[in-house]
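Colleague: If you scroll down you'll find the structure; I have some questions about it.
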Amino acid sequence: MTSEIQFKAWRVEEQDGDYKGAEQTLGTTDLPAGEVLIKVSHSSLNYKDALSASGNKGVTRSFPHTPGIDAAGEVVESATGTPEVGSPVVVTGYDLGMGTDGGFGEYIRVPAAWCVPMPAGWEAKTAMIYGTAGLTAGLCVQKLLTMGAKPEQGKVAVSGASGAVGSVAVELLAKLGFDVVAISGKADHAEGLKELGATEVVGRDALAEDKKPMLKPVFANGVDTVGGSPLAELLKQIKPGGSVSCCGLVAGPQLQTTVLPFILRGVNLLGVDSVEISLPEKEAVWIKLAGDWKCPKAEASAKRIGRADLDGALKAFLKGESAGKIVLDHA
Ligand code: NDP
Numbered sequence: 001m002t003s004e005i006q007f008k009a010w011r012v013e014e015q016d017g018d019y020k021g022a023e024q025t026l027g028t029t030d031l032p033a034g035e036v037l038i039k040v041s042h043s044s045l046n047y048k049d050a051l052s053a054s055g056n057k058g059v060t061r062s063f064p065h066t067p068g069i070d071a072a073g074e075v076v077e078s079a080t081g082t083p084e085v086g087s088p089v090v091v092t093g094y095d096l097g098m099g100t101d102g103g104f105g106e107y108i109r110v111p112a113a114w115c116v117p118m119p120a121g122w123e124a125k126t127a128m129i130y131g132t133a134g135l136t137a138g139l140c141v142q143k144l145l146t147m148g149a150k151p152e153q154g155k156v157a158v159s160g161a162s163g164a165v166g167s168v169a170v171e172l173l174a175k176l177g178f179d180v181v182a183i184s185g186k187a188d189h190a191e192g193l194k195e196l197g198a199t200e201v202v203g204r205d206a207l208a209e210d211k212k213p214m215l216k217p218v219f220a221n222g223v224d225t226v227g228g229s230p231l232a233e234l235l236k237q238i239k240p241g242g243s244v245s246c247c248g249l250v251a252g253p254q255l256q257t258t259v260l261p262f263i264l265r266g267v268n269l270l271g272v273d274s275v276e277i278s279l280p281e282k283e284a285v286w287i288k289l290a291g292d293w294k295c296p297k298a299e300a301s302a303k304r305i306g307r308a309d310l311d312g313a314l315k316a317f318l319k320g321e322s323a324g325k326i327v328l329d330h331a
């Protein structure tokens, strides 16, 4: 056991129902019990971190709290011996950054069963360019492929395309040869989405509410990162036998639809969870993202920020104004 280490963390406190984040100095004895102490060099920003930092009790019940559902760094102490001290690891999901202090601090202490070995050829900052959002994009694409999605079937829609999950999904699908239609509310990101590989960029009105229970089938498959009524509209526009991977709720958690797309066109709605799936399932997708599924454009365009920039960057998520991948560098 090493003696207590002092470190910096971006910690959120509750004051009269208001939630404010600021840098604080903590000690490793302030961290929860766990098997593995990790010195975190990088984290990644996600919509869920913005929910946690703004006091959303569905994500984080008690404060003060250090958000950050993603962390990458080096093992400093390991009660189980695996992972080994000195080895680089990635931790995403489970309870990290929700009830357990997360990657917005320079140290985390977690169960060994949450730690994925760093994929070969990756540094911590590369892993955190992808983070939970990249992992989720990979899982969404993998589910479509498992259902038999193929480029020759036609267009694939990606909603919330400029977001953290959406941007990686656009680049990955384009790389795999799919004809990607990026659906985005940010007209000024159309060029960027085309650079990621989208063949077409359309506004959110492509999924505007329509009373008809079925619409002309336009897309062979889809990746939906927004949920709510846009997802219901997307399902009405999927061709027979097509699938939609669904992972998000920025447009709302409710899904009001009819069974018609499912029973008349055999459409498949595929739920994607990146948080509680097994470590081997996560690791398999990480290895792909570090290999054949590498997304160099998302990597090159990722923004790097420090702890002092977290407040503004997290608020942009809640306003739907965040775009692309954002990495927190603790250096
Ligand atoms: P971002 O905020 O980066 O991206 C979401 C994008 O959705 C925005 O950039 C915007 O894109 C679009 N958008 C925002 N608000 C609305 C709205 N009201 N209606 C329609 N579109 C909207 O978030 P992430 O990419 O990090 O996450 C996306 C979703 O996926 C979140 O709900 C998140 O919680 C969820 N998620 C789920 C995971 C899982 O395991 N299931 C894991 C990771 C994320 P544009 O302007 O281009 O339209």
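For the sequence shown, position 220 (counting from the first letter as 1) is numbered 220 according to UniProt numbering, and the numbering increases by one without interruption.
From the three backbone atoms N, C-alpha and C, an ideal C-beta is built for every residue, glycine too.
Note the first and the last residue of the continuous beta strand (DSSP E) segment covering Ile305.
Modeller: Lys303 to Ile305
Colleague: In angstroms, rounded to a whole number, what distance separates the CA positions of Gly222 and Leu173?
Modeller: 10 Å
Colleague: Pop quiz: Pro217 and Lys239 are said to be a contact at Cβ under 8 Å. What is the actual Cβ separation, rounded to whole angstroms?
Modeller: 4 Å
Colleague: For the 8 Å Cβ check, are there 3 or more pairs between the segment 84-91 and the segment 57-65?
Modeller: no
Colleague: Nearer than 7 Å: is that true of the beta carbon of Asp273 relative to any heavy atom of ligand 1?
Modeller: yes
Colleague: By Cβ distance below 8 Å, which residues in the same chain neighbour Ala112 in space, the five residues on each side in sequence not counted?
Modeller: Glu35, Val36, Ser78, Ala79, Thr80, Thr82 and Pro83.
Colleague: In the DSSP output, what is Phe7 paired with across the bridge?
Modeller: Leu26
Colleague: Comparing C-alpha positions only, which one of Lys319, Ala331 and Pro280 sits nearest to Val250?
Modeller: Closest in C-alpha terms to Val250, from the list Lys319, Ala331 and Pro280, comes Lys319.
Colleague: When the Cα atoms are used, what is the spatial distance from Glu23 to Ala127?
Modeller: Their Cα atoms are separated by approximately 24 Å.
Colleague: Suppose you measure from the CA of Met98 to the CA of Leu196; what does that come to, to the nearest Å?
Modeller: 31 Å
Colleague: Between Ser44 and ligand 1, is the CB less than 7 Å from at least one heavy atom?
Modeller: no
Colleague: Expressed to the nearest angstrom, what Euclidean distance is found between the alpha-carbon atoms of Val141 and Ala290?
Modeller: If you take the alpha carbons of Val141 and Ala290, they lie about 15 Å apart.
Colleague: Span of the alpha helix (DSSP H) holding Ile238?
Modeller: Element bounds for Ile238: n/a, residue is neither H nor E.
Colleague: What number of angstroms, rounded off, separates the C-alpha of Gly58 from the C-alpha of Asp49?
Modeller: As the crow flies, the alpha-carbon of Gly58 is around 12 Å from that of Asp49.
Colleague: Can you look up Gly166 in the DSSP assignment and give me helix, strand or coil?
Modeller: helix
Colleague: To the nearest angstrom, how far is it from the Cα of Pro296 to the Cα of Leu176?
Modeller: 13 Å
Colleague: Grab the span of the alpha helix (DSSP H) containing Ala50 for me, first residue to last.
Modeller: Tyr47 to Ala53
Colleague: Please name the residue in Lys282, Lys315 and Ile183 whose C-alpha comes closest to that of Gly55.
Modeller: Lys315
Colleague: So Ala72 is in the beta strand (DSSP E); what residue range does that whole segment cover?
Modeller: Asp70 to Ser78
Colleague: Unbroken beta strand (DSSP E) runs of length 3 or more, entirely within the segment 222-266: which are they?
Modeller: 243-246
Colleague: Would you kindly check if the distance between the Cβ of Gln237 and the Cβ of Phe219 is under 8 Å?
Modeller: yes
Colleague: For the alpha helix (DSSP H) holding Glu200, just list the boundary residues, first then last.
Modeller: Taken as a continuous stretch (DSSP letters only), Glu200 belongs to no alpha helix (DSSP H), being part of the beta strand (DSSP E) at Glu200 to Val202.
Colleague: One question on the structure: do Glu106 and Phe7 come within less than 8 Å of each other, judged by their Cβ atoms?
Modeller: yes
Colleague: Identify every residue that forms a DSSP beta bridge with His330.
Modeller: In DSSP, His330 forms no bridge with anything.
Colleague: Beta-carbon separation of Gly131 and Asp70 under 8 Å?
Modeller: yes
Colleague: Have a look at Asn46 and Thr92 and give me their C-alpha separation to the nearest angstrom.
Modeller: 11 Å
Colleague: Considering only the beta carbon of each residue, do Lys150 and Asp179 sit closer than 8 Å?
Modeller: Their beta carbons are not under 8 Å apart, which means Lys150 does not touch Asp179 by this criterion.
Colleague: Measuring CA to CA, which of Gly134, Leu215, Met118 and Gly27 is closest to Ile108?
Modeller: Gly27
Colleague: Please confirm whether Gly324 and Ala308 have their CB atoms less than 8 Å apart.
Modeller: no
Colleague: So, at 7 Å on beta carbons, what are the nonlocal neighbours of Glu299 in its own chain, with the 5 sequence-adjacent residues on each side left out?
Modeller: Thr126 and Ile129
Colleague: Give a yes or no on whether the C-beta atoms belonging to Ser41 and Ala133 are separated by under 8 Å.
Modeller: no
Colleague: Which first and last residues belong to the beta strand (DSSP E) in which Val90 is found?
Modeller: Pro88 to Thr92
Colleague: How about Arg204: is its Cβ closer than 7 Å to a heavy atom in ligand 1?
Modeller: yes
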